[in-house]
Structures are given as structure tokens and as C-alpha cells.
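Asker: Counting in this note's numbering, the sequence shown runs from 307 upward without gaps.
Cβ coordinates follow ideal geometry from the N, Cα and C atoms, glycine included.
Note that the structure is a prediction, hence the values are computed from the model and not measured.
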Amino acid sequence: MAYTIIEVEKRTAISSRTLRFWASKGLFPFVETDKNGVRYFSQKDLEWAIWISFYRSIGMSIEKIKTYIELSRYGIKSAKKRKKMIEEQKNLIEAERLRLDEITDLLKMKMAYYDALLRQGKDIANPQDKNYQMPDPTRCKAFLRQVERAQIHFRDEKPQKASKK
């Protein structure tokens, strides 16, 4: 059975606009096109679309997906290379998860800080408040190191390479 882009959209919840964009980037090399330029997806093409959507959702670039698809043409001969690509993506996701865990820890620390402020009934963190207390510089340095490790950057700042000490 062959499906048009609109039918693929209905079956996969991947927008027709996205499918057309992916097609323009060469991610559907096996999709047939009629004389009017209408694309017809087979059941296998539909499954590829779902896999492409998954790979995009985990941050794989279009170029890497295209390479993966090209390698798939070689069957078992390219299986090791394709597996390595998937492993590399898994490693990137694991590194991002660790970074997000560090950010979560920082947010928990900040929430605990505010819990303490609320218990005391004083806003000692506000320089405009009469109860303001200068933060402990050693805690600030430790916090900044943790922020740096988590690779958090302010919007107007460009990430800087960590200096080797």
C-alpha cells in the first residue's frame, strides 16, 4: 500500500511540512514520486519516518540521519558503523542527562535556600532589605564552580572554555 504525505501525517502525527522538509534533505531516498511530484510512501517508508522522528527527538542531526540512511543501504556490512552512531548519540544523551541532573541539584539547593528564608520570615538575600546579609564568599565560589560544571550560561554570554589549572 502507498501513502501520500497527508496520509503519513495522519498515521504518524508528523506534520506534512516536516515530512516535506525531510524529503528535501534527502531523508527519504526510497520514496516513489509520480510525474506530478506527488510522493508515495510505502509501509517501510512510513516506518522510516517514525524512526527519523525518533532520531530527531533525541537530537540527532539531519546530516547524521542522512549518513545513517546511506549506510543502511550496505546492509550488514555497515551495521558496526550504524551501531557506533547510535552509541555516540546515546553517550551525548547521557552527558546531557548528567548536566541536567546537576542543574536540578542547583535548583533544589536554591529552593531549600528559599524555604529557609520563608521559615525565618526575612529576605536576607535581597540587597534592598534591611536584613540583607552578604553571602558567604566560599559558598559563592562553590556555587559558581557547580554552575560552571553544569555548563550553564547566561543568555548574553558566550560559553567559555574551561581553563586548565
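1. Taking the C-alpha atoms as reference points, what is the distance between Ala-418 and Leu-424?
2. For Lys-471 and Glu-454, I'd like the C-alpha separation in whole angstroms.
3. Threshold first: 4 residues or longer. Then list the alpha helix (DSSP H) segments lying entirely within the stretch 329–381, N to C.
4. Is it right to say Val-499 is buried, meaning 16 or more other beta carbons lie within 10 angstroms of its own, or is it exposed?
5. Between Ile-312 and Thr-318, what straight-line distance do the alpha-carbon atoms span, to the nearest angstrom?
6. Straight-line CA distance for Asp-435 to Ile-364?
7. Using CA atoms only, rank isn't needed, just tell me which of Glu-408, Ala-422, Arg-362 and Thr-310 is closest to Val-337.
8. Secondary structure at Tyr-309, three-state DSSP: helix, strand or coil?
9. Following the continuous alpha helix (DSSP H) through Tyr-420, name the residue where it begins and the one where it ends.
10. In three-state DSSP terms, what is Lys-436?
11. Is the stretch 405–418 close to the stretch 348–368, with three or more CB pairs under 8 Å?
12. Is it a yes or a no for the stretch 348–362 touching the stretch 317–334, going by three-plus beta-carbon pairs under 8 Å?
13. Ala-308 and Ser-359: beta carbons closer than 8 Å?
14. Enumerate in chain order the residues of its own chain whose CB-to-CB distance from Thr-339 is below 7 Å, with the five nearest sequence positions on each side excluded.
Answerer: Checking against the coordinates, here is how it stands:
1. Translated into the one-based positions of the sequence shown, residue 418 becomes position 112. Translated into the one-based positions of the sequence shown, residue 424 becomes position 118. Ala-418 and Leu-424: Cα-Cα distance of roughly 10 Å.
2. Taking the first residue of the sequence shown as position 1, residue 471 is located at position 165. Taking the first residue of the sequence shown as position 1, residue 454 is located at position 148. Residue placement at Lys-471 is flagged as unreliable, the pLDDT there being 47, under the threshold of 50; the coordinate-derived value follows with that caveat. One C-alpha to the other measures close to 14 Å.
3. 349–363 and 368–378
4. With the chain represented from 307 up to 471, any question about residue 499 goes unanswered, as that position is not in the structure.
5. Stepping through the sequence shown from its first residue, residue 312 is reached at position 6. Stepping through the sequence shown from its first residue, residue 318 is reached at position 12. Roughly 10 Å between the two C-alpha positions.
6. As a working note, residue 435 is residue 129 in the sequence shown. As a working note, residue 364 is residue 58 in the sequence shown. In a straight line, the C-alpha of Asp-435 is about 45 Å away from that of Ile-364.
7. Residue mapping note: residue 337 aligns to position 31 of the sequence shown, counting from 1. Ranking Glu-408, Ala-422, Arg-362 and Thr-310 by Cα distance to Val-337 puts Thr-310 first.
8. Indexing the sequence shown from 1 puts residue 309 at position 3. Three-state result, Tyr-309: strand.
9. Looking up residue 420 in the sequence shown gives position 114. That run of the alpha helix (DSSP H) goes 385–426.
10. Working through the sequence shown from its first residue, we reach residue 436 at position 130. Residue state, collapsed to three classes: coil.
11. no
12. yes
13. Counting from 1 along the sequence shown, the entry for residue 308 is found at position 2. Counting from 1 along the sequence shown, the entry for residue 359 is found at position 53. Going by C-beta atoms, Ala-308 is not nearer than 8 Å to Ser-359.
14. Taking the sequence shown and counting its residues from 1, the one referred to as residue 339 is at position 33. The residues are Arg-345.
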